[in-house]
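Down below is the structure, laid out as structure tokens.
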Amino acid sequence: MSRVRTRPTRDDTREKLFEAAARVFEEQGIGGASIEAIAAAAGFTRGAFYSNFKSKDELIIAMLEDHVEQSIGRIRDLLDRHKSLADFIDALKSMNRSAQDPLGRSPLLHMEMILFVARAEKRRPELAKRLRARRKLVTDIIETTARNSGRTTILNPAWAGALVLALEDGFRLHRLIDPETTPPDSFFRAIGDLQRTMGISSA
1 MSRVRTRPTR DDTREKLFEA AARVFEEQGI GGASIEAIAA AAGFTRGAFY SNFKSKDELI
61 IAMLEDHVEQ SIGRIRDLLD RHKSLADFID ALKSMNRSAQ DPLGRSPLLH MEMILFVARA
121 EKRRPELAKR LRARRKLVTD IIETTARNSG RTTILNPAWA GALVLALEDG FRLHRLIDPE
181 TTPPDSFFRA IGDLQRTMGI SSA
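Taken in order, the sequence shown gives residues 1 to 203; the numbers are from the UniProt record's numbering.
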């Protein structure tokens with residue numbers, strides 16, 4: 001009796017290419033990594049790569065998009081289950097990050113890929129779309145937790161969302177550069193300091 005071979009789905013192939021690309025980028029650098037090396041690391045042929053992505057740039061943008069979508073999905077799930085700001089932040093702090101996508105596990109690679117895309121002006125709109133999606137998420141968190149606490153924010157929620165996101169990105173970068181003077185909880189400590197200013201209750 002012959003065994004039935006199951007072909008990997010398109011999503012499975014893309015996930016393997018994402019994981020392989022992350023490894024190759026970290027080993028060889030984004031600029032030096034070839035499509036052949038990425039495909040080989042994933043166990044695929046060059047043709048399999050091109051059946052999913054037209055170029056390395058397209059792969060990188062897809063990886064960034066996947067990272068943002070997964071991050072937003074995880075955080076919205078937490079927001080659905082934790083209505084108060086204090087509960088939500090506690091859940092965010094204790095969230096299991098070991099199962100995250102390659103860019104979630106490697107903040108330095110994530111930053112390098114963003115800079116790689118940003119160097120070409122024509123590719124920046126793709127980054128802008130992801131940035132706006134992240135800002136919208138933070139704005140929704142601020143509005144939802146403020147509403148659940150029966151309060152309104154002093155700042156415009158959209159501007160407050162941009163401010164909070166800039167803090168998060170800034171502390172992530174500082175943590176990469178100087179971990180000795182940037183504790184892991186720096187962002188959450190800053191949020192605590194800003195709660196009263198922004199008019200958001202943690203109760």
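All C-beta atoms, glycine included, are put in the ideal place defined by N, C-alpha and C.
Where residue i and residue j are concerned, what is the direct C-alpha to C-alpha distance, given to the nearest angstrom?
{"i": "residue 215", "j": "A133", "result": "Residue 215 lies beyond the range of the chain shown here (1 to 203); nothing can be said about it."}
{"i": "I114", "j": "V68", "result": "12 Å"}
{"i": "A146", "j": "K16", "result": "40 Å"}
{"i": "A118", "j": "I60", "result": "12 Å"}
{"i": "N156", "j": "G43", "result": "49 Å"}
{"i": "A203", "j": "H174", "result": "Unreliable positioning characterises A203 in this predicted model, as indicated by a pLDDT of 49, which lies under 50. The coordinate reading is nonetheless provided below. Roughly 29 Å separates the two Cα atoms."}
{"i": "A162", "j": "G104", "result": "20 Å"}
{"i": "L131", "j": "A120", "result": "17 Å"}
{"i": "T6", "j": "E58", "result": "The predicted position of T6 is uncertain, since its pLDDT is 48 and thus under 50; a value taken from the coordinates is nonetheless stated next. About 27 Å."}
{"i": "R151", "j": "R135", "result": "21 Å"}
For the alpha helix (DSSP H) containing residue i, name the first residue and the last one.
{"i": "M95", "result": "Premise fails: M95 is in no alpha helix (DSSP H) and is neither H nor E."}
{"i": "residue 204", "result": "The structure shown does not extend to residue 204, since the chain is modelled only from 1 to 203, so the question has no answer here."}
{"i": "T182", "result": "Taken as a continuous stretch (DSSP letters only), T182 belongs to no alpha helix (DSSP H), as it is neither H nor E."}
{"i": "A160", "result": "157-177"}
{"i": "E143", "result": "124-148"}
{"i": "Q70", "result": "56-81"}
{"i": "R105", "result": "102-105"}
Once DSSP output is grouped into helix, strand and coil, what is the label at residue i?
{"i": "P43", "result": "Reading off the sequence shown, one finds Gly at residue 43, where the question assumed Pro. G43: coil per DSSP, three-state reduction."}
{"i": "D87", "result": "helix"}
{"i": "D193", "result": "helix"}
{"i": "G32", "result": "coil"}
{"i": "A118", "result": "helix"}
{"i": "F49", "result": "helix"}
Which word fits residue i, buried or exposed, when buried means at least 16 other C-beta atoms lie within 10 angstroms of its C-beta?
{"i": "D193", "result": "exposed"}
{"i": "M63", "result": "buried"}
{"i": "E36", "result": "exposed"}
{"i": "T139", "result": "buried"}
{"i": "M1", "result": "Note that M1 has pLDDT 44, beneath the 50 cutoff, so the model's placement of it is unreliable and the number below is only indicative. That one is exposed."}
{"i": "P183", "result": "exposed"}
{"i": "D178", "result": "exposed"}
{"i": "D101", "result": "buried"}
{"i": "E126", "result": "buried"}
{"i": "A99", "result": "exposed"}
{"i": "A20", "result": "buried"}
Kindly give me the distance between the Cβ atoms of residue i and residue j, rounded to whole angstroms, as I take these residues to be in contact under 8 Å.
{"i": "L108", "j": "L165", "result": "Between L165 and L108 the Cβ distance is about 19 Å, and since that is not below 8 Å, they are no contact."}
{"i": "S149", "j": "L85", "result": "7 Å"}
{"i": "F188", "j": "L167", "result": "Rounded, the Cβ-Cβ distance is 10 Å, inconsistent with contact."}
{"i": "F53", "j": "A39", "result": "Not really, about 10 Å apart at Cβ, beyond 8 Å."}
{"i": "I89", "j": "I191", "result": "7 Å"}
Check whether the Cβ of residue i lies closer than 7 Å to any Cβ atom in chain B.
{"i": "R147", "result": "Considering every chain present, this structure includes no chain B. It has just one protein chain."}
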